[in-house]
Amino acid sequence: MKNIPVRHIHSTEEQTLSDGFNIRDVHNLLAGKDMIQELHRHDYYYILALEKARGTHVIDFAKYDIRNHSVFFMRPGQVHQLNLHVGSTGYLLQFNSDFYHPGDKASGQLLRKVSNKNVCPLDAGKFRKILNILSYIFQEYKIKQEGYRDVIRANLGIFFIELVRNQQNRKDSPGNPNTYHLDRMEEFLSLLESHIQKSKKASEYADMLNLSAFQLNAITRLTLGKTSSDVINDYILLESKRFLLATTNQVNQIASHLGYDDVSYFIRFFKKHTGYSPDAFRQNFR
Numbered sequence: 013m014k015n016i017p018v019r020h021i022h023s024t025e026e027q028t029l030s031d032g033f034n035i036r037d038v039h040n041l042l043a044g045k046d047m048i049q050e051l052h053r054h055d056y057y058y059i060l061a062l063e064k065a066r067g068t069h070v071i072d073f074a075k076y077d078i079r080n081h082s083v084f085f086m087r088p089g090q091v092h093q094l095n096l097h098v099g100s101t102g103y104l105l106q107f108n109s110d111f112y113h114p115g116d117k118a119s120g121q122l123l124r125k126v127s128n129k130n131v132c133p134l135d136a137g138k139f140r141k142i143l144n145i146l147s148y149i150f151q152e153y154k155i156k157q158e159g160y161r162d163v164i165r166a167n168l169g170i171f172f173i174e175l176v177r178n179q180q181n182r183k184d185s186p187g188n189p190n191t192y193h194l195d196r197m198e199e200f201l202s203l204l205e206s207h208i209q210k211s212k213k214a215s216e217y218a219d220m221l222n223l224s225a226f227q228l229n230a231i232t233r234l235t236l237g238k239t240s241s242d243v244i245n246d247y248i249l250l251e252s253k254r255f256l257l258a259t260t261n262q263v264n265q266i267a268s269h270l271g272y273d274d275v276s277y278f279i280r281f282f283k284k285h286t287g288y289s290p291d292a293f294r295q296n297f298r
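For the sequence shown, my numbering begins at 13 and goes up steadily by one.
Structure (structure tokens):
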């Protein structure tokens, strides 16, 4: 069973980056060429803040046209494919959770809020505001004076708050989840990652969370606008698509990886929810 290619935080220098953080100027990163990537995933947070840009960005199989004044925010584990045209400008930030909130609950909650949306379009005025913050972070990281990590963390917090404010102003959330709901939702999603091979029933996850099935369902409806069973099915389908398009694994291997002993049942499940057999999906969308 082959895994999806995973990229790690790297530095522009030869030595391994120990900070758990990196920021790069997009114009310099492109170096006069288009950036064309294959499907892959990261084990860190990935932010692409683009002032002027053209191209396409596929995140977990949702395709976005890249436009000026946009921010792409990805969580660890998400699969993406970037096609960024030469001449694009902005910043690319990479960091792991230990860098931003090592044990800091408030920072963790803010990160959870801001990373809930993969794309954040901004108007020119709001983008200039966050661009000033990112430029300051870039200079701090470049010079590396005493305390630069703390300065970067503080400015990341301001940057995240600005993005959350913009998300709230758009009023596109299915509900108004509070910190408790977001925390439990995060626990649920984390449990899915580690238990999906053996547990596929909402009631089993409710038990793990010490909740009733009704309570878990209420949380998922408020935070995502879906039932808890829908969230489980969506996760299985997303992982299936990731392995179908980003690896050469056979369908029976993918089914087994996801905990299905009966490959025919897995094929029926996949086709019911997508309209394609796994093989047809791979042929049509790779």
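We treat Cβ as the ideally placed atom computed from N, Cα and C, and that holds for glycine.
> Do you know how far the Cα of leucine 175 is from the Cα of lysine 138?
Replying inline: Going by the C-alpha atoms only, they are around 9 Å apart.
> Straight-line CA distance for serine 100 to leucine 223?
Replying inline: 48 Å
> Given that a residue counts as buried once 16 or more other Cβ atoms are within 10 Å of its Cβ, and exposed if not, what is glycine 169?
Replying inline: Label assigned to glycine 169: buried.
> Would you report the Cα separation of tyrosine 57 and phenylalanine 85, rounded to the nearest angstrom?
Replying inline: 7 Å
> How would you call threonine 235, buried or exposed, if buried means at least 16 neighbouring beta carbons within 10 angstroms?
Replying inline: buried
>> Buried or exposed, going by whether 16 or more other CB atoms sit within 10 Å of the CB of glutamine 27?
In response: Interpretation of glutamine 27 is limited by its pLDDT of 37, a score under 50 that renders its predicted location unreliable; no figure is taken from the coordinates.
> By how many angstroms is the C-alpha of leucine 221 removed from the C-alpha of arginine 196?
Replying inline: One C-alpha to the other measures close to 8 Å.
> For glutamine 90 versus asparagine 128, is the C-beta spacing smaller than 9 Å?
Replying inline: no
> DSSP three-state call for histidine 269: helix, strand or coil?
Replying inline: helix
> Can you tell which of Asn178, Gly120, Asp116, Arg140 has the C-alpha that lies nearest to the C-alpha of glycine 102?
Replying inline: Arg140
>> As a quick exercise: from Phe73, His207, Glu152, Phe172, pick the residue whose alpha carbon is nearest that of arginine 294.
In response: Phe73
>> Per the DSSP calculation, methionine 197 is bridged to which residue(s)?
In response: Its beta-bridge partners do not exist; DSSP assigns none.
> asparagine 245 to lysine 212, Cα distance in whole Å?
Replying inline: If you draw a straight line from the Cα of asparagine 245 to the Cα of lysine 212, it comes to about 8 Å.
>> Check this for me: beta carbons of leucine 194 and lysine 117, under 9 Å apart or not?
In response: no
> Which stretch, first to last residue, makes up the alpha helix (DSSP H) that contains valine 126?
Replying inline: In the DSSP assignment, valine 126 falls within the unbroken alpha helix (DSSP H) covering 117-126.
> Is the Cβ-Cβ distance between histidine 69 and leucine 42 less than 9 Å?
Replying inline: no
> Excluding sequence positions up to five away, which residues of its chain have a Cβ less than 8 Å from the Cβ of alanine 225?
Replying inline: Ala214, Ser215, Ala218, Ser240
> Between proline 290 and arginine 36, what straight-line distance do the alpha-carbon atoms span, to the nearest angstrom?
Replying inline: 38 Å
> Do you know how far the Cα of arginine 53 is from the Cα of glutamine 179?
Replying inline: 25 Å
>> Whole angstroms are fine: how far does the CA of lysine 45 sit from the CA of threonine 191?
In response: 43 Å
> Who are the Cβ neighbours of proline 133 in its own chain at under 6 Å, not counting the five residues just before and after it?
Replying inline: Ser82
> Can you round the beta-carbon distance between serine 111 and glycine 32 to whole angstroms, since I take them to be within the 8 Å contact cut?
Replying inline: Looking at the sequence itself, residue 111 is phenylalanine, so the reference to serine does not match. Rounded, the Cβ-Cβ distance is 4 Å, consistent with contact.
> Roughly how many angstroms separate the alpha carbons of aspartate 242 and phenylalanine 282, rounded to a whole number?
Replying inline: 13 Å
> DSSP on glutamine 90, reduced to helix/strand/coil?
Replying inline: coil
>> Less than 8 Å between C-beta atoms, sequence neighbours within five positions excluded: which residues of the same chain meet that for isoleucine 279?
In response: Val263, Ala267, Ser289, Pro290
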